[in-house]
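Quick notes on the structure that follows.
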Amino acid sequence: MAFLCLTPNSSVAQTDIQNRVTFWGGYSFNSIPFLGKTRNSETQIFAIGYQQKVRSYPNNRSLWYTADIVPYLHFYYPKRDEENRMVNRTGFGLAPVGFTVLQRTESFLHPFIQTTGGFIYMESNFPTDQARRFNFTFDVTLGANIPISHFAGISLGYKFHHISNAETGKENPGLDSNFLFLTLSIH
């Protein structure tokens, strides 16, 4: 991957960028019982996103609209319907509503906070047989953008990701993932 070999350049002009396409992936080593009740899940995700600047603010802050298509989301978790036997479940989805607040700085790291919401359709009822295939998601992300050229950048950080059926199934154990992610953005 040649883009990772480029040296970050803090002098790359980022002020005129109005939209970007992102390709990002993440891995969660373990789920936590915060909003969801399903523990010990390993999770992988791959998504393609779009961001468009909505508004610029003083002190180099900007607000961006954010949306993601999630062609791949995979869980490896203990299914309590089957005496906690480890199972694999895969899904796909869309997160059409999201916002990012970006702070440009003098250094090569530009911190941001982001949230998105959407839905995931799983291959079978998830995470239990009494749950549903159709689930809702939201996430909160803390990260940093690193410009690597006039047309591309990378981002890395942490994403808290929640998935549940929002009490529309007979059971709603939900699952909370803690993703470490890497993003390639093209603008």
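Per the numbering used here, the sequence shown starts with residue 15, numbered consecutively. Every residue, glycine too, gets a C-beta built ideally from N, C-alpha and C.
Per DSSP, the bridge partner or partners of residue i
| i | result |
| --- | --- |
| E185 | Its beta-bridge partners do not exist; DSSP assigns none. |
| K67 | W78 |
| L196 | G39 and L170 |
| A191 | Reading off the sequence shown, one finds Ser at residue 191, where the question assumed Ala. S191 pairs with H175. |
| T57 | S42 and F89 |
| H201 | DSSP lists no partner for H201. |
| I83 | I62 and L108 |
Short Cβ contact (8 Å threshold) for residue i with residue j
| i | j | result |
| --- | --- | --- |
| F113 | T80 | yes |
| R146 | N179 | yes |
| K173 | F193 | yes |
| G132 | V115 | no |
| T104 | S191 | no |
| K93 | W78 | no |
| D95 | T130 | no |
Residue from the options with nearest C-alpha to residue i
| i | options | result |
| --- | --- | --- |
| S55 | L189, S199 and H201 | L189 |
| F48 | P187, V68 and I31 | P187 |
| D204 | H175, I200 and S45 | The question about residue 204 has no answer, for the chain in this structure spans 15 to 201. |
| N73 | E120, Y135 and I162 | E120 |
| G50 | M136, I177 and Q65 | I177 |
| F89 | F126, T155, R69 and N44 | N44 |
| L123 | G167, S42, R34 and F195 | G167 |
| Y91 | Q32, D30 and P141 | P141 |
| Y86 | E185, I31, I62 and S169 | I62 |
| F106 | S70, S138 and M100 | S138 |
| F203 | G157, H201 and T182 | The displayed coordinates of the chain run from 15 to 201. Any statement about residue 203 would go beyond what the structure contains. |
| I59 | A109, H164 and T182 | A109 |
Endpoints, the beta strand (DSSP E) within which residue i is located
| i | result |
| --- | --- |
| A158 | R146 to P161 |
| L108 | R99 to Q117 |
| G132 | H124 to F140 |
Local Cβ density within 10 Å of residue i, reported as buried at 16 or more and exposed below that
| i | result |
| --- | --- |
| N159 | buried |
| R4 | Past the boundaries of the shown model lies residue 4; the chain is included only from 15 to 201, so the question cannot be answered. |
| Q144 | exposed |
| I31 | buried |
| I162 | buried |
The ligand FMN heavy atom lying under 7 Å from the CB of residue i
| i | result |
| --- | --- |
| H175 | In terms of ligand content, the structure shown is empty, and the ligand FMN therefore cannot be addressed. |
Within-8 Å CB hit, residue i to chain C
| i | result |
| --- | --- |
| G157 | No chain C appears in this structure, which consists of one protein chain only. |
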